[in-house]
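Student: Before I ask anything, here is the structure I am working with.
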Amino acid sequence: MREAPIGIFDSGYGGLTVLKEISRVLPEYDYIYLGDNARNPYGTRSFEAVYQFTLECVNKLFSMGCQLVILACNTASSKALRTIQQKDLPLIDPQRRVLGVIRPTAEVIGNYSKTRHIGVLGTPGTIKSKSYVLEISKFYPDLHVYQQACPMWVPLIENNEHLSPGADYFVQKYLDELLSQNANIDTVILGCTHYPLLLDKIHQFLPSTIQVISQGAIVAESLKDYLLRHPEIEERCSKSSAFRFLTTDLADTFNSNASIFFGKEVTSEIIIVA
Ligand code: DGL
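2 is the number of the first residue of the sequence shown in the numbering used here; add one for each residue after it.
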């Protein structure tokens with residue numbers, strides 16, 4: 002059988018927090034991770050730029066045999082996924098699939114909240130798209146959703162400054178801004194795959210009664226379920242537990258930062274996507 006890994010895409014390192022959980026739940030598959038580090042962050046870019054960059058990366062992963070690609074990036078999921086699914090995929094190859102991370106999160110989030118008031122933290126692009134508000138309202142029309150953009154968090158994390166005392170100011174600032182919107186929020190979604198790295202600091206500045214939801218495990222369970230429901234896709238994915246890591250920027254830098262997100266040593270290759 003030809004190599005057909007599951008493609009995992011992010012603008013940088015954040016998607017590694019998703020790959021970590023997916024490969025824990027589905028260890029038998031092959032995976033290719035692609036981080037577009039050269040053009041990161043996506044969170045402050047226009048719709049057109051995020052769509053174009055994401056499409057180029059998806060095409061690259063398709064050219065490497067992927068039958069299924071997960072956009073493990075909320076910004077790409079909110080700005081590019083729908084157009085790629087509806088406009089591009091039918092022309093590129095209707096048999097292949099591209100899935101995102103917002104819908105799986107929206108599908109389950111209502112199970113977590115008692116007060117029915119939830120917060121979403123994300124990049125400016127994700128928040129501006131209102132994708133979470135729209136998706137959650139389809140599954141849980143009774144939920145009140147409050148959004149907060151956190152433009153400084155990805156740059157702090159990508160530069161490995163997220164644990165420094167200087168990061169505290171921006172962690173507290175955005176959490177305070179979110180909570181000032183409604184005092185009954187009892188559940189907060191980390192709607193950016195970079196943010197789990199800030200989890201300890203986030204807990205430090207949030208009341209202990211508020212639960213914080215990372216997406217990795219949710220997306221992993223959702224993918225497991227998807228593969229069970231779609232044997233025609235599942236049987237086209239190769240299974241030899243192999244990993245390959247690609248970055249559009251310096252491989253050495255990627256290797257040293259990636260292990261923080263993935264929890265294991267990573268050896269990457271540089272590739273050109275455009
Ligand atoms: N990890 C991406 C997300 O989930 C955002 C990173 C970026 O701004 O490039 O939204």
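Backbone N, C-alpha and C define an ideal beta-carbon position, used for all residues, glycine too. Predicted, not measured: the structure shown is a model, and the values here were computed from it.
Looking at Cys238 and Gly15, is the spacing between their C-beta atoms short of 8 Å?
Tutor: On the sequence shown, position 14 is the one that residue 15 refers to. On the sequence shown, position 237 is the one that residue 238 refers to. Taking 8 Å as the Cβ cut-off, Gly15 and Cys238 do not qualify as a contacting pair.
Student: I need the DSSP call for Thr106, collapsed to helix, strand or coil.
Tutor: Reading the sequence shown from its first residue, position 105 is the one you call residue 106. In this structure, Thr106 counts as helix in the three-state DSSP scheme.
Student: Give the range of the alpha helix (DSSP H) segment to which Gln53 is assigned.
Tutor: Mapped onto the sequence shown, residue 53 falls at position 52. Start and end: 48–64.
Student: Identify the residues that DSSP records as bridge partners of Phe246: which are they?
Tutor: On the sequence shown, residue 246 is found 245 positions in, with the first residue counted as 1. Partner(s): Tyr34, Ser269.
Student: Looking at the structure shown, is Tyr147 part of a helix, part of a strand, or coil, going by DSSP?
Tutor: Taking the sequence shown and counting its residues from 1, the one referred to as residue 147 is at position 146. Tyr147: strand per DSSP, three-state reduction.
Student: Tell me whether Leu251 sits in a helix, a strand or coil according to DSSP, three-state version.
Tutor: Start at 1 with the first residue of the sequence shown, and residue 251 comes out as number 250. If DSSP states are grouped into helix, strand and coil, Leu251 belongs with coil.
Student: So does Cys151 have its beta carbon nearer than 7 Å to some heavy atom of the ligand DGL?
Tutor: To locate residue 151, count along the sequence shown from 1; it is residue 150. Not so, every heavy atom of the ligand DGL lies at least 7 Å from the Cβ.
Student: Can you check which of these residues, Tyr175, Phe246, Pro156, Ala218, is closest to Tyr1 by C-alpha distance?
Tutor: The question about residue 1 has no answer, for the chain in this structure spans 2 to 275.
Student: Straight-line CA distance for Lys115 to Thr188?
Tutor: Locating residue 115 in the sequence shown gives position 114, counting from the first residue. Locating residue 188 in the sequence shown gives position 187, counting from the first residue. Cα to Cα, Lys115 sits roughly 9 Å from Thr188.
Student: Can you confirm whether the segment 89–98 touches the segment 108–127 when touching is taken to mean that 3 or more C-beta pairs between the two stretches lie within less than 8 Å?
Tutor: Segments in contact, no.
Student: Taking the straight line between their C-alpha atoms, what separation do you get for Glu222 and Asn60?
Tutor: In the sequence shown, counting from the first residue as 1, residue 222 sits at position 221. In the sequence shown, counting from the first residue as 1, residue 60 sits at position 59. Between Glu222 and Asn60, the C-alpha separation is close to 25 Å.
Student: Considering only heavy atoms of the ligand DGL and the C-beta of each residue, which residues fall inside 5 Å, strictly closer?
Tutor: Those residues, listed in chain order, are Ser12, Gly15, Asn41, Pro42, Tyr43, Gly44, Cys74, Asn75, Thr76, Thr124, Val155, Cys193, Thr194, His195.
Student: From Pro152 to Phe206, what distance separates their C-alpha atoms?
Tutor: Start at 1 with the first residue of the sequence shown, and residue 152 comes out as number 151. Start at 1 with the first residue of the sequence shown, and residue 206 comes out as number 205. Distance between the alpha carbons of Pro152 and Phe206: 18 Å.
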